[in-house]
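Engineer: Sharing a structure below in structure tokens format, with a few things to ask.
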Amino acid sequence: MILTDGEISYVASQRLGRVATIQPSGEPQLNPVSCYFNLATETIDIGGHNMGSSQKYHNVTCNPLVAVIIDDMANFDPSTIRCLEIRGRALAISAPTDSAAKTDGPIIRVVPRRIVSWGIDPPGVALGSRSIQIPLIRRRRLGL
226 MILTDGEISY
236 VASQRLGRVA
246 TIQPSGEPQL
256 NPVSCYFNLA
266 TETIDIGGHN
276 MGSSQKYHNV
286 TCNPLVAVII
296 DDMANFDPST
306 IRCLEIRGRA
316 LAISAPTDSA
326 AKTDGPIIRV
336 VPRRIVSWGI
346 DPPGVALGSR
356 SIQIPLIRRR
366 RLGL
């Protein structure tokens, strides 16, 4: 499994994340989004209203490199920050048949390549920063 059980639960518990894409001009673009972990594909699926006509969706069709951040403050006193950063390659899928997103229509599917996590899993379970090696057969199945 690419994400720990704690990280999967954390994604499911959050309503909002942010995705960074790269515009055709090379400038970064950052947008708030709804993120869902797709257990079947082990990806982050991002859906939303008018996704197919959004700039972030277009950006992914031109440059698949993305980063997704899901974070919050679990406590304020003492301050406890939780964060899951997922860097990877994204696919702009116009008619997904296996989406985890809560809206119909096009999605951005993020295939994790690097994960940075803190404050989510207990000590000894937390994996911190790690790179993900995607087997060739899975890359082909995902369309990479």
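The opening residue of the sequence shown carries number 226 in my numbering; numbering runs sequentially from there.
Even for Gly, the Cβ is constructed at its ideal location relative to N, Cα and C.
The structure presented is a predicted model; accordingly, all values stated were derived computationally and were not measured.
1. Ile357 lies in the beta strand (DSSP E); which residues open and close that run?
2. Buried or exposed for Cys260, going by 16 or more other Cβ atoms inside 10 Å?
3. Take Ala317 as the anchor and find which of Ala326, Ile295, Lys327, Val285 has the nearest alpha-carbon.
4. Return the bridge partner residues of Thr229 from the DSSP annotation.
5. Using beta-carbon positions only, say whether Val258 and Arg243 come within less than 8 Å of one another.
6. Could you please give the first and the last residue of the uninterrupted beta strand (DSSP E) stretch that includes Asn256?
7. For a minimum of 3 consecutive residues, which ranges assigned as the beta strand (DSSP E) are wholly contained in the segment 260 to 324?
8. Smallest Cα separation from Val335: which of Arg312, Gly353, His274?
9. Is it true that the CB of Gly330 sits closer than 8 Å to the CB of Met276?
10. Is it right to say Phe301 is buried, meaning 16 or more other beta carbons lie within 10 angstroms of its own, or is it exposed?
11. Arg243 bridges to which residues according to DSSP?
Structural biologist: In terms of the structure at hand:
1. Along the sequence shown, read from residue 1 onward, the residue named residue 357 stands at position 132. Looking at the DSSP string, Ile357 is not in any beta strand (DSSP E), and its letter there is neither H nor E.
2. On the sequence shown, position 35 is the one that residue 260 refers to. Cys260 comes out buried.
3. Counting from one through the sequence shown, the residue named residue 317 turns up at place 92. Out of Ala326, Ile295, Lys327, Val285, Val285 has the C-alpha closest to the C-alpha of Ala317.
4. Along the sequence shown, one-based indexing puts residue 229 at 4. According to DSSP, which records beta bridges pairwise, Thr229 is partnered with nothing at all.
5. Here residue 258 refers to the residue found at position 33 when the sequence shown is read from its first residue. Here residue 243 refers to the residue found at position 18 when the sequence shown is read from its first residue. It is a contact, given that the beta carbons lie within the stated cut-off.
6. Residue numbering aside, residue 256 sits at position 31 when the sequence shown is read from its first letter. Asn256 -> beta strand (DSSP E) spans 253 to 263.
7. 268 to 272, 290 to 301, 304 to 318
8. As a first step, residue 335 is located in the sequence shown; it is residue number 110 there, counting from the start. Checking every option, the nearest Cα to that of Val335 belongs to Arg312.
9. Along the sequence shown, read from residue 1 onward, the residue named residue 276 stands at position 51. Along the sequence shown, read from residue 1 onward, the residue named residue 330 stands at position 105. It is a contact, given that the beta carbons lie within the stated cut-off.
10. Position 76 of the sequence shown holds residue 301. Result: exposed.
11. Locating residue 243 in the sequence shown gives position 18, where the first residue counts as 1. Bridge partners of Arg243: Pro257, Ile294.
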